[in-house]
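Chains as they are written, first to last, in numbering that gives the first Met the number 0: chain A, 0 to 177; chain B, 0 to 119.
All C-beta atoms, glycine included, are put in the ideal place defined by N, C-alpha and C.
In what follows, a single structure is set out as structure tokens and then discussed.
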Amino acid sequence: MSQKKEMKFKFTPIIIVVFFFIIFIIFFTGLKNSNIYTPNINIEKKVPSFTLNSLYADKETVTEKIFDDNKFHLMNIWSSWCIPCREEHEFLMELKINEKIQITGFNYKDKTNNAKKFLDELGNPYTKIVIDGDGTASIDWGAYGVPESFLIYQNKIIKRYIGPINGKSLMEIEKIIE
Amino acid sequence: MRLLKIFFMISIILNFTLLKADEIKTENQIAKNLRCLICQGQSVYDSDSEFALSLKLVIKDKINEGMNEKQIYSFLEQKYGEWILYDPIFNRNTYFLWLLPLLIFLAGGAIIIKKFYIKK
Chain A
0 MSQKKEMKFK FTPIIIVVFF FIIFIIFFTG LKNSNIYTPN INIEKKVPSF
50 TLNSLYADKE TVTEKIFDDN KFHLMNIWSS WCIPCREEHE FLMELKINEK
100 IQITGFNYKD KTNNAKKFLD ELGNPYTKIV IDGDGTASID WGAYGVPESF
150 LIYQNKIIKR YIGPINGKSL MEIEKIIE
Chain B
0 MRLLKIFFMI SIILNFTLLK ADEIKTENQI AKNLRCLICQ GQSVYDSDSE
50 FALSLKLVIK DKINEGMNEK QIYSFLEQKY GEWILYDPIF NRNTYFLWLL
100 PLLIFLAGGA IIIKKFYIKK
């Protein structure tokens, strides 16, 4: 009887220690996981199709027609009210010089006048600009904020840049194109 | 005659709202089950961010297109990954998550039964 009691006395603290150890491991690994949404940026995906109005010409543009050639394309989601878009703009202007790539603008939830003013002020790196007034087309792209850019080759998204394009990503794009 | 007309108009208006209400209900239900990706700890329904506002519009469009709730979830999962859904799907990564309560329940039952046996 006394032996059994002794066993029990030893058994409970061990269980408690093991239990807390397991909980500690679970929470510790959970602590390292980012709880901010981080989409997979390297997955190849087909370009979603949309029909949108363009900013300057008063006609509708179909996506497949833009990206359906042997060139590289960068589709850049921007807006005149977005401050990081201003920072990124100079890099886009730099990229415009490169003839192997065409930049398409995707104007997100913007007023047409403000968008035009923005381009008059900072220059226009885009060969084509489509307008997404209510943001529904951006959902099709899996985009969730501005600025965001998609590198496209032969109707496929090969790389995705979330946030403004900087010198580093610019170099990376130029390397991919080469 | 006039009264009849007014009655008729009111009944039509009431019917419209009924239809709409039903639509809005499913719309909100879907939005409540989606995680707003740029705001932490908020559902799409609760959020007023640009992203959430457009997503609500998309949900509305998809309902009008005749998609049901499940189809909309799978559409969004395709676009944004499983993270956008609040309800985790039962697969290899979530076996532990889903089965843990069951395991704890069984362990608790085992303890209780053991106690009773020991008492006897």
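Within this structure, are the beta carbons of residue i and residue j separated by less than 8 Å?
| i | j | result |
| --- | --- | --- |
| V107 (chain A) | S148 (chain A) | The amino acid at residue 107 (chain A) is misidentified as Val; the sequence shows Tyr. Contact flag unset, no. |
| Y36 (chain A) | W82 (chain B) | yes |
| G80 (chain B) | P38 (chain A) | yes |
| L150 (chain A) | L73 (chain A) | yes |
| V43 (chain B) | L33 (chain B) | yes |
| F49 (chain A) | T28 (chain A) | no |
| I58 (chain B) | I37 (chain B) | no |
| S53 (chain A) | V129 (chain A) | yes |
| K70 (chain A) | I100 (chain A) | yes |
| S53 (chain B) | G134 (chain A) | yes |
| K155 (chain A) | V46 (chain A) | yes |
| N75 (chain A) | L91 (chain A) | yes |
| D67 (chain A) | F105 (chain A) | no |
| I157 (chain A) | E43 (chain A) | yes |
| W78 (chain B) | G141 (chain A) | In the sequence as presented, Trp is not what sits at residue 78 (chain B); that position holds Lys. Result yes, Cβ atoms of K78 (chain B) and G141 (chain A) sit closer than 8 Å. |
| I176 (chain A) | N113 (chain A) | no |
| E223 (chain A) | P163 (chain A) | Here chain A covers residues 0 to 177 and nothing more, so residue 223 (chain A) does not appear. |
Would you mind telling me which residues of chain B sit closer than 7 Å to residue i, beta carbon to beta carbon, in chain order?
| i | result |
| --- | --- |
| G162 (chain A) | Result: empty, since nearest Cβ-Cβ is about 12 Å, beyond 7 Å. |
Starting from residue i, find everything on chain B with Cβ-Cβ shorter than 8 Å and list it in chain order.
| i | result |
| --- | --- |
| G141 (chain A) | K78 and Y79 |
| P38 (chain A) | Y79 and G80 |
| G166 (chain A) | Near G166 (chain A) there are no residues of chain B at all, since even the closest Cβ is about 25 Å away, more than 8 Å. |
| G144 (chain A) | I37, E49 and F50 |
### Task
Closer than 7 Å, Cβ to Cβ, to anything on chain A: give me those residues from the segment 77-88 of chain B, in chain order.
K78, Y79, G80 and W82
#### Entry: Complete runs of the beta strand (DSSP E) confined to the segment 120-161 of chain A [at least 3 residues]
127-131, 147-152 and 155-161
### Message
By the 8 Å beta-carbon criterion, what residues does the segment 37-69 of chain B contribute toward chain A?
### Response
I37, Q39, E49, F50, L52, S53, L54, L56, V57 and D60
### Query
Going along the segment 120-139 of chain A in order, which residues come within less than 8 Å of chain B, judged by CB to CB distance?
D133, G134, T135, S137, I138 and D139
### Message
At a CB distance below 9 Å, what residues from the segment 90-111 of chain A approach chain B? Give them in sequence order.
### Response
Y107 and K108
### Message
I'd like the ranges of any alpha helix (DSSP H) spanning at least 4 consecutive residues and lying wholly in the segment 78-109 of chain A.
### Response
82-95
### Query
Is it true that the segment 79-99 of chain A meets the segment 140-155 of chain A, where meeting means three or more beta-carbon pairs spaced less than 8 Å apart?
yes
#### Entry: Segment contact flag, the segment 20-35 of chain B with the segment 61-69 of chain B, C-beta cutoff 8 Å, min 3 pairs
yes
### Query
In chain order, which continuous runs of the beta strand (DSSP E) of length 3 or greater are located wholly inside the segment 17-66 of chain A?
50-53 and 59-61
### Message
Give the list of continuous alpha helix (DSSP H) stretches no shorter than 4 residues that lie fully inside the segment 32-60 of chain B.
### Response
none
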